Amino acid sequence: LTQRIAPLVPLTYLLLDGYFGHAAALQMARAQNLHLISKLRTDAALYTPYAGPYAGRGPRQIYGAKLDYRALPLVALQTTTVAGGVTTRIFQIELLHKEFPQPLNVVIIQKTNAQTGKQAHVILFSSDLNLSATTMIDYYGLRFQIEFNFRDAKQHWGLEDFMNVTPAAVTNAANLAVFMVTVAAALVTDQRVADPPISILDLKTAYRGQKYMDVVMKLLPEKPDPVLLTELMRTVTSLGRIHPRQPATSPP
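Shown next as structure tokens:
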């Protein structure tokens, strides 16, 4: 897959969630000439590289002090922001993990509640030792949009329950589902100018109702008065909506 995509889109990073934040995933990414960006457990055992003198015999010591998440080194502090009573500090440091074959570029996002003093942190890492903390956080944040799109494709556009079995048909069905996610997002954005609460389900309800109205109108000997037709269209396209539509003068 990477060989087919690479000529069209340059590939540099493989972004995976915390389930794949392990050495096997990193080695898989590096085997494809990609850098991994992922997340470690909050209690991951990380060590600074040993910087002391050589003992004079045996192999050189590799691991230095174990990282204490309650006392992160200030030299690694990148930014500090305060919002809503929560202080957010971002640390970046090159560290070692005994299960990984190479040093890791680690970014720790630490949040402290000003009132309670409670702390929480997230540990991101990359095999790219030159990647900035800001870029790593931005890239990792993209996975949420990918997950949202995948969820919408399953929930609204049949990605989870299509009956195709041949490779070409499965590919077409999957591509159509993802394509409809993009189309629906554009349509919902346009509709929200006049109808702020509208959701994808409401959008589908409106278009289904409009289709029903088109079929019914063809069965009538003559069309109703335009004012009545507008009201009928508005009523029918609102049936089954989750979010009540705000008053408007024109149908969707």
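When we follow this note's numbering, the leftmost residue of the sequence shown carries the number 40, and every step to the right adds one. Even glycine gets a Cβ: it sits at the ideal position worked out from N, Cα and C. Please read all numbers here as calculations on a predicted model, not as lab measurements.
Can we say the region 248 to 262 touches the region 217 to 237, given the rule of at least three CB pairs closer than 8 Å?
No, the region 248 to 262 is not in contact with the region 217 to 237.
Own chain, CB closer than 7 Å to isoleucine 334, minus 5 neighbours either side, in chain order
For residue 334 there is no data in the structure shown, the boundaries of the chain being 40 and 291.
If you draw a straight line from the C-alpha of serine 289 to the C-alpha of valine 275, how long is it?
As a first step, residue 289 is located in the sequence shown; it is residue number 250 there, counting from the start. As a first step, residue 275 is located in the sequence shown; it is residue number 236 there, counting from the start. Confidence is the limiting factor: at serine 289 the pLDDT is only 48, short of 50, which leaves the residue's position unreliable, though a coordinate-based value still follows. Near 13 Å, if we compare the C-alpha coordinates of valine 275 and serine 289.
Own chain, CB closer than 8 Å to leucine 73, minus 5 neighbours either side, in chain order:
On the sequence shown, residue 73 is found 34 positions in, with the first residue counted as 1. So the qualifying residues of the chain are Thr41, Leu50, Thr51, Tyr52, Leu53.
Under 8 Å: does the beta carbon of leucine 79 sit that close to some heavy atom of the ligand COA?
Summarising the ligand content, the structure contains no ligands, and the ligand COA is consequently not present.
Let's test the definition: count the other Cβ atoms within 10 Å of the Cβ of asparagine 169 and tell me whether it reaches 16, buried, or not, exposed.
Reading the sequence shown from its first residue, position 130 is the one you call residue 169. Exposed, because fewer than 16 other Cβ atoms sit within 10 Å of the Cβ of asparagine 169.
With a 10 Å radius around its C-beta and 16 neighbouring C-beta atoms as the bar for buried, classify phenylalanine 218 as buried or exposed.
Here residue 218 is taken as the residue at index 179 of the sequence shown, counted from 1. Under this definition phenylalanine 218 is an exposed residue.
Local conformation of phenylalanine 218 per DSSP, three classes:
In the sequence shown, residue 218 corresponds to position 179, counting from 1. If DSSP states are grouped into helix, strand and coil, phenylalanine 218 belongs with the helices.
Three-state secondary structure assigned by DSSP to alanine 159
Taking the first residue of the sequence shown as 1, we reach residue 159 at position 120. It is a strand residue.
Start-end ranges of the alpha helix (DSSP H) lying completely within the region 47 to 94, minimum 4 residues:
Segments of the alpha helix (DSSP H) lying fully in the region 47 to 94: 62 to 70.
Rank Gln141, Thr126, Ile44, Gly95 by C-alpha distance to the C-alpha of histidine 298 and give the top, closest one.
Since the first residue of the chain shown is 40 and the last is 291, residue 298 is not available in this structure.
Excluding the 5 residues preceding and the 5 following threonine 193 in the sequence, name in chain order all residues of the same chain whose CB lies nearer than 7 Å to its CB.
Residue numbering aside, residue 193 sits at position 154 when the sequence shown is read from its first letter. Inspection of the sequence shows that residue 193 is occupied by lysine rather than by threonine. Excluding sequence neighbours, lysine 193 sits near Glu199.
In angstroms with no decimal places, state the Cα-to-Cα distance between glutamine 100 and glycine 124.
Here residue 100 corresponds to residue number 61 of the sequence shown, with the count starting at 1. Here residue 124 corresponds to residue number 85 of the sequence shown, with the count starting at 1. Looking at the two C-alpha atoms, the distance is approximately 43 Å.
Can you tell which of Val146, Tyr89, Glu186 has the C-alpha that lies nearest to the C-alpha of isoleucine 176?
If you number the sequence shown from 1, residue 176 lands on position 137. It is Val146 whose Cα lies nearest to the Cα of isoleucine 176.
Taking the beta carbon of alanine 70 as the centre, do at least 16 other beta carbons fall within 10 Å, making it buried, or is it exposed?
As a first step, residue 70 must be located in the sequence shown, where it is residue number 31. So alanine 70 counts as exposed.
Whole-angstrom distance between leucine 85 and phenylalanine 139, CA atom to CA atom:
Position 100 of the sequence shown, counting from 1, holds the residue named residue 139. Position 46 of the sequence shown, counting from 1, holds the residue named residue 85. Phenylalanine 139 and leucine 85: Cα-Cα distance of roughly 10 Å.
Between the alpha carbons of alanine 94 and proline 88, how many angstroms are there, rounded?
In the sequence shown, the residue the question calls residue 94 occupies position 55. In the sequence shown, the residue the question calls residue 88 occupies position 49. If you take the alpha carbons of alanine 94 and proline 88, they lie about 15 Å apart.
Residues bridged to leucine 111 by DSSP?
Counted from its first residue, the sequence shown places residue 111 at position 72. Beta-bridge analysis with DSSP links leucine 111 to no other residue.
Tell me which residues share the same chain as glycine 103 and place their Cβ nearer than 7 Å to its Cβ, disregarding the 5 neighbours each side in the sequence.
Your numbering for residue 103 matches position 64 in the sequence shown. The residues are Tyr86, Thr87, Pro88, Tyr89, Ala90.
Return the bridge partner residues of glutamate 133 from the DSSP annotation.
Along the sequence shown, one-based indexing puts residue 133 at 94. In DSSP, glutamate 133 forms a bridge with Asn144.
May I ask you to report which of helix, strand or coil DSSP gives glycine 180?
Taking the sequence shown and counting its residues from 1, the one referred to as residue 180 is at position 141. In the structure shown, glycine 180 sits in a helix (DSSP, three-state: H, G or I).
Thinking just about the alpha-carbon of each residue, which of Leu163, Asn144, Arg109 is nearest to the one in lysine 157?
Residue mapping note: residue 157 aligns to position 118 of the sequence shown, counting from 1. The shortest Cα separation from lysine 157 among Leu163, Asn144, Arg109 belongs to Arg109.
Simplified DSSP state of leucine 267, which is helix, strand or coil:
As a working mapping, residue 267 is identified with position 228 in the sequence shown. Looking at leucine 267 - three-state DSSP - the assignment turns out to be helix.
Work out the CA separation of aspartate 56 and phenylalanine 183 for me, nearest whole Å.
Taking the sequence shown and counting its residues from 1, one reaches residue 183 at position 144. Taking the sequence shown and counting its residues from 1, one reaches residue 56 at position 17. In this structure, the CA atom of phenylalanine 183 is about 9 Å from the CA atom of aspartate 56.
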